[in-house]
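First the structure, in the form of structure tokens, and then the observations on it.
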Amino acid sequence: MNNIMTLVIGDIHLRDYKNNRDYLDCQVYSIISLLEEIDYNVVIFLGDVFHFRKPSAREILAFKKILDHIQSNSGWVHILRGNHDSETKGDDGVTTLSVFDKYNGIVVHDHYGRENGMGFTFIPHYENQEIIEKALSNIPENDIVFGHFGYKGAYNSQGDYDSEVDLSCFKNRTLLGHVHLFKHANDLVTTLGTPFSTEYADAGKNHMVAMIDTNSDNPIEFISVDHGIRHLKFNYSELEANKDFINDPNRLTFLRVYFNELTDFNALSLRKEIFSNYNVRWVDVKFHPLVDTEKAMSTFETGKEIFTIDDTLIERYVDENTTDIPKSDLMDGLEILKNED
Numbered sequence: 015m016n017n018i019m020t021l022v023i024g025d026i027h028l029r030d031y032k033n034n035r036d037y038l039d040c041q042v043y044s045i046i047s048l049l050e051e052i053d054y055n056v057v058i059f060l061g062d063v064f065h066f067r068k069p070s071a072r073e074i075l076a077f078k079k080i081l082d083h084i085q086s087n088s089g090w091v092h093i094l095r096g097n098h099d100s101e102t103k104g105d106d107g108v109t110t111l112s113v114f115d116k117y118n119g120i121v122v123h124d125h126y127g128r129e130n131g132m133g134f135t136f137i138p139h140y141e142n143q144e145i146i147e148k149a150l151s152n153i154p155e156n157d158i159v160f161g162h163f164g165y166k167g168a169y170n171s172q173g174d175y176d177s178e179v180d181l182s183c184f185k186n187r188t189l190l191g192h193v194h195l196f197k198h199a200n201d202l203v204t205t206l207g208t209p210f211s212t213e214y215a216d217a218g219k220n221h222m223v224a225m226i227d228t229n230s231d232n233p234i235e236f237i238s239v240d241h242g243i244r245h246l247k248f249n250y251s252e253l254e255a256n257k258d259f260i261n262d263p264n265r266l267t268f269l270r271v272y273f274n275e276l277t278d279f280n281a282l283s284l285r286k287e288i289f290s291n292y293n294v295r296w297v298d299v300k301f302h303p304l305v306d307t308e309k310a311m312s313t314f315e316t317g318k319e320i321f322t323i324d325d326t327l328i329e330r331y332v333d334e335n336t337t338d339i340p341k342s343d344l345m346d347g348l349e350i351l352k353n354e355d
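Residue numbers (the working numbering): 15 to 355.
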């Protein structure tokens, strides 16, 4: 194959929130907008296409819409099985992604494999890291590797270390999914991260995709994604000063607003006010902790009571936070805790 341009996209975690059905549509829009801006012949998804191991019909159809768009442009697709795409942790390769494997021009890599004509090696997620290490040791010298796993010292999307694969195991240029942070671990290994923020913990992170031209002396180019979904976090007092930034028309903004103290407003009225004044797709209202835990605990003495919170204050706090859990359930749970010995 000559002059093949390959677009590489990290974890997209398609997710249909029950309390925000718009989010999944925004994810699809973000990816399709990206595809429309870049010339490509091949698209590689590095895994974790879905957020849940057993995705819903809406989530499966959302990915089909993305694939249909790629194929309408005569693009070929390679999809790695991520840990979120696997039905279980059994390393058996069983995945919902297999429903797309029979489509012409789509290849699902549910197990280790290679694309001989392009010099690409694909290593999906395995819980048994010996499988990954063995695969890494048997790769042709000039292949580029695409994987869905971490390396020793890297944090996964939950902020935990979950890999003992040492960087010394990597002998080829490698692009990895699974780790939600764009980072060059060394000269060979790059974690590509996500093409858009997938949660509020991603606020402020750079989001990238990769473009590969194997005919070039420097085959891999990293491209910053400056449109589509983003998560932002601001204190309520900071909103006005950052209004232009928040209202960026190229962004689908999911905004979390913090308050320093409980107010006389309830969450619904606060969200309504922000929706009317800012170009955002979602507003999440949160309050800073009632107590600065670090300061409160600095003079702690075993057995000494530090502070008391009464039922009225707790009920007000519950009223003024957004949650999918009914208030009655939260208050019933409080009673259970109070009655524990």
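All C-beta atoms, glycine included, are put in the ideal place defined by N, C-alpha and C. Note that the coordinates shown come from a computational prediction; the quantities given were computed from them, not determined experimentally.
(request) Excluding the 5 residues preceding and the 5 following E315 in the sequence, name in chain order all residues of the same chain whose CB lies nearer than 7 Å to its CB. (result) With a pLDDT of 41 at E315, under the threshold of 50, the modelled position of this residue cannot be trusted; read the value that follows with caution. Once the five neighbours on either side are set aside, E315 has no close Cβ partner at all.
(message) I'd like to check one pair, H139 with H123: are the Cβ atoms closer than 8 Å?
(response) no
(message) I need the straight-line Cα distance from R72 to L206, nearest angstrom please.
(response) Taking C-alpha positions only, R72 is separated from L206 by approximately 26 Å.
(message) Given a cut-off of 8 Å on the beta-carbon distance, is the pair N261 and Y214 in contact?
(response) no
(message) Using CA atoms only, rank isn't needed, just tell me which of P154, S177, F134, T102 is closest to H92.
(response) F134
(message) Quick check: the stretch 189–197 against the stretch 163–173, are at least 3 beta-carbon pairs closer than 8 Å?
(response) yes
(message) Within 8 Å, do at least three Cβ pairs link the stretch 224–236 to the stretch 25–34?
(response) no
(message) Does the stretch 105–117 come into contact with the stretch 18–27, if we say contact requires no fewer than three beta-carbon pairs (one atom in each stretch) closer than 8 Å?
(response) no
(message) Distance check for E349 and V57, CA to CA, integer angstroms please.
(response) 53 Å
(request) State the beta-bridge partners of K197 as determined by DSSP. (result) T205
(message) Using only the alpha-carbon positions, how far apart do I18 and I137 sit?
(response) 21 Å
(request) Whole angstroms is fine: what's the gap from T313's alpha carbon to H302's? (result) Low per-residue confidence applies at T313: pLDDT is 38, beneath 50, and the placement is therefore not dependable enough to give any value.
(request) Output the distance between the C-alpha atoms of N232 and S177, rounded to the nearest integer angstrom. (result) Distance from the CA of N232 to the CA of S177, rounded to the nearest whole angstrom, comes to 29 Å.
(request) Please state whether DSSP places I248 in a helix, a strand or coil. (result) A small correction: the amino acid at residue 248 is Phe; Ile does not occupy that position in the sequence shown. If DSSP states are grouped into helix, strand and coil, F248 belongs with the strands.
(message) Using DSSP's beta-bridge definition, name the partner residues of F77.
(response) None, per the DSSP bridge assignment.
(request) Could you name the residues of the same chain whose beta carbon sits closer than 6 Å to that of Y250, not counting the 5 residues immediately before and after it, in chain order? (result) V271, F273
(message) For D39 and I234, what's the separation of their Cα atoms in angstroms?
(response) 30 Å
(message) Measuring only the C-alpha atoms, how far is V22 from Q172?
(response) Taking the Cα positions, V22 is about 23 Å away from Q172.
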